[in-house]
Amino acid sequence: MGIDNLIALISTYARFSETDIAIIKSKFTQHKFKQKEYILEEGQVSTHLHFIAIGLVRIFYVRDGKEITSYLSSDNGFVSSYSSFINQSKSYEYIQCLEKSQTLAITYKDMQELYEAVPQWERIGRFFSEQNVLCLADRLLKLQSIPAKEKYLEFLKTSSEKIVQRTPLIHIASYLGITPESLSRIRSEIS
1 MGIDNLIALI
11 STYARFSETD
21 IAIIKSKFTQ
31 HKFKQKEYIL
41 EEGQVSTHLH
51 FIAIGLVRIF
61 YVRDGKEITS
71 YLSSDNGFVS
81 SYSSFINQSK
91 SYEYIQCLEK
101 SQTLAITYKD
111 MQELYEAVPQ
121 WERIGRFFSE
131 QNVLCLADRL
141 LKLQSIPAKE
151 KYLEFLKTSS
161 EKIVQRTPLI
171 HIASYLGITP
181 ESLSRIRSEI
191 S
């Protein structure tokens, strides 16, 4: 189901032969998750990088007993605790499905094997790394320097419709670094 979308997406960043595509497909396995089910919990090692075939997922961490949403992803997006995945170390993050989700996942070991077997896969690995760095840098800048209303308007403009419409407001507020009350006020102002 989602494997064609995955192949189409990675093919926009590198050219693959039919043999390469067959090898890539063989390294991904399908996973199904229930609503509110965890893909990963704090303290576990992130052994998989997940391509979301269909679903809605958030990454969060807990600070002073409070959940802080750091990333939201949906259909045709990737999700992992990247530092845990790259270092094969314990994660400080949780990955939770906000709704029933299906993913295609590749293990760390298979990712490394693809780097050897399919040289063009290096471009995909570089793409994942660059996107992660850009996302973190952009998020840090916005959290520290942009007023709450602008953050929300930017969120509406840059996030998928699914994320905007189906993510609970408490998680959106946390993601934006504002209180749920402030988010409600902002939403009232702009509607």
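Quick note: the sequence shown, position 186, residue 186 per full-length UniProt numbering, numbers continuous.
Even glycine gets a Cβ: it sits at the ideal position worked out from N, Cα and C.
Sequence-distant residues of its chain with Cβ nearer than 8 Å to residue i (five each side left out)
i    : result
V118 : F16, D20, I23 and I24
Distance CB(residue i)-CB(residue j) smaller than 9 Å
i    : j    : result
R58  : Y175 : yes
K149 : I95  : no
F78  : S70  : no
L9   : A53  : no
L49  : A105 : yes
F33  : K100 : yes
Q35  : L114 : no
Cutoff 7 Å; reference residue i; Cβ partners in own chain excluding five residues on either side
i    : result
Y108 : T47, F85 and Q88
Enclosing alpha helix (DSSP H) for residue i [first to last residue]
i    : result
I39  : Premise fails: I39 lies in the beta strand (DSSP E), Y38 to L40, not in any alpha helix (DSSP H).
Q165 : E161 to R166
K157 : A148 to T158
Beta-ladder partner(s) of residue i, from DSSP
i    : result
E67  : V62
H50  : V79 and A105
V118 : According to DSSP, which records beta bridges pairwise, V118 is partnered with nothing at all.
Q30  : L104
L56  : S74
Span of the beta strand (DSSP E) around residue i
i   : result
A14 : Run containing A14: none; DSSP gives neither H nor E here.
Y94 : Y94 to C97
Chain-order list of residues whose beta-carbon lies under 6 Å from that of residue i (same chain, five-residue window excluded)
i    : result
S160 : S74
Residue i burial status per 10 Å Cβ neighbour count (16 or more: buried)
i    : result
A137 : exposed
Y82  : buried
D110 : buried
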